[in-house]
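Take a look at the structure set out below.
Residue numbers (our numbering): -15 to 172.
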């Protein structure tokens, strides 16, 4: 595995981690402001970079509704924001780091479908030069990926595009069929 042409075995762990923006399913926020939470991985991020990260993460809408905006306080653990807002702030934090590799671990699960779709589009437009690894249970989250890996009990049971997997991987087809109608599957 190479990062910017360098074998990861040759990189110190801290150096390797500096290339990765990880967003877990269970988002973690610290007490402080919205801005300080977004800047957590990149304290040098400018106001414009923080705002851009929030815009891509589809967080700008709810942030701008707060009287204090980016200076609004976040309670320890983010108990004063919704699950979807926590996830979007965590995604904004990863974006502010500007990593070479994004690992998004089922971090769209608390988002409604409209926000999920808008976020996926914005991420695709914004992360063009980065590698994006998405762990997801929603087929709609990954159906436009270049390559999808299907796991069953920790084993890879299929890989390919959405259409290739619909045609060749019974496990993937079963998951997709549970989330889409037959009509939607035909036009997917």
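We put the CB at the ideal spot given by N, CA and C, even for glycine. Just so we're clear, the structure is a prediction, and the values are computed from it rather than from any experiment.
On a CA-only basis, which of the options is nearest residue i? Give me that one, please.
i           : options              : result
residue 80  : 24, -10, 93 and 171  : 24
residue 165 : 107, 124, 3 and 113  : 124
residue 66  : 12, 114 and 3        : 12
residue 95  : 120, 113 and 159     : 120
residue 174 : 8, -11, 15 and 144   : Here the chain has residues from -15 to 172 only, and residue 174 is not among them.
residue 110 : -1, 2 and 39         : 39
residue 59  : 43, 21, 91 and 28    : 21
residue 106 : 42, 138, 162 and 135 : 42
residue 77  : 31, 97, -12 and 150  : 31
residue 74  : 49, 37 and 169       : 37
residue 101 : 127, -13, 157 and 82 : 127
Give the range of the beta strand (DSSP E) segment to which residue i is assigned.
i           : result
residue 89  : 85 to 89
residue 7   : 4 to 7
residue 143 : 139 to 144
Which residue marks the beginning of the alpha helix (DSSP H) containing residue i, and which one marks its end?
i           : result
residue 133 : Per DSSP, residue 133 belongs to no alpha helix (DSSP H); it is in the beta strand (DSSP E), 132 to 136.
residue 157 : 154 to 163
residue 31  : 31 to 40
residue 45  : 44 to 48
residue 0   : -3 to 1
residue 166 : 166 to 170
So who's on the other strand from residue i, going by DSSP bridges?
i           : result
residue 17  : 57
residue -15 : Answer is none; residue -15 lacks a bridge partner.
residue 128 : For residue 128, which the question treats as bridged, DSSP gives no partner whatsoever.
residue 12  : DSSP, once it has assigned bridges, lists no residue as partnering residue 12.
residue -9  : -14
With a cut-off of 8 Å on the beta carbons, I'd call residue i and residue j a contact; round off their distance for me.
i           : j           : result
residue 17  : residue 68  : The Cβ separation is near 19 Å, so there is no contact.
residue 88  : residue 117 : 7 Å
residue 3   : residue 84  : 4 Å
residue 91  : residue -10 : Wrong, their Cβ atoms sit about 27 Å apart, outside the cutoff.
residue 155 : residue 136 : 5 Å
residue 54  : residue 19  : 4 Å
- prompt: Fully enclosed by the stretch 60 to 120, which alpha helix (DSSP H) runs are 4 residues long or longer?
  reply: Fully contained in the stretch 60 to 120 are the following alpha helix (DSSP H) runs of length 4 or more, in chain order: 67 to 81 and 97 to 110.
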